[in-house]
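Before any comments, here is the structure.
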Amino acid sequence: MDRFTGYDLEEATFYLYKSDLYIKLDVMDIVENETGITIELGEDKCYLVIWNDSKITEVLHPANVIGNFSWCLEIKDKDNNVMGYLAA
């Protein structure tokens, strides 16, 4: 979880935009283990798993979302595909 030092993930919102799909879910819970972290999203118990080999990059805002954010992290899988954004 050292990669997330300085970011209050519990206050974050998850964003994902794909063609004809827009997802925005609040972070509900965070569980860390030796292989990465699991983030519970929304009230319907959706989960995002960020593995230790996932790529984390600080960006200005989620793709296709206009707004003011204190911080925003782009999450990519090991194959460099965007999994979504955590922002607050």
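Heads up: the sequence shown runs through residues 512 to 599, numbered per this note's numbering. Where is the CB? At the ideal position from N, CA and C, for every residue including glycine.
| request: Apply the 10 Å Cβ neighbour rule to Ile-586 and answer buried if 16 or more other Cβ atoms are within range, or exposed otherwise. | output: buried
| Would you report the Cα separation of Tyr-518 and Leu-597, rounded to the nearest angstrom? | Distance between the alpha carbons of Tyr-518 and Leu-597 is about 10 angstroms.
| In its own chain, which residues sit with a C-beta less than 6 angstroms from the C-beta of Val-593, not counting the 5 before and 5 after it? | Lys-587
| query | Considering only C-alpha positions, which residue in the set Thr-524, Phe-515 and Leu-559 is nearest to His-572? | reply | Thr-524
| So is Leu-536 buried or exposed if we call it buried at 16+ other beta carbons inside 10 Å? | For Leu-536, the number of other beta carbons within 10 angstroms of its own is at least 16, and it is reported as buried.
| Distance cut-off 7 angstroms: Leu-597 Cβ against heavy atoms of the ligand SAM | This structure simply doesn't include the ligand SAM, nor any ligand for that matter.
| request: Per DSSP, which residues does Trp-562 bridge with? Please list them. | output: Gly-547
| task | For Glu-545, collect the residues of the same chain with a Cβ closer than 7 angstroms to its Cβ; drop the 5 residues on either side in sequence, then sort them by chain order. | result | none
| said: For a test of the three-state rule: what should DSSP assign to Lys-513, helix, strand or coil? | reply: For clarity, residue 513 is Asp in the given sequence; the question names Lys instead. Helix at Asp-513.
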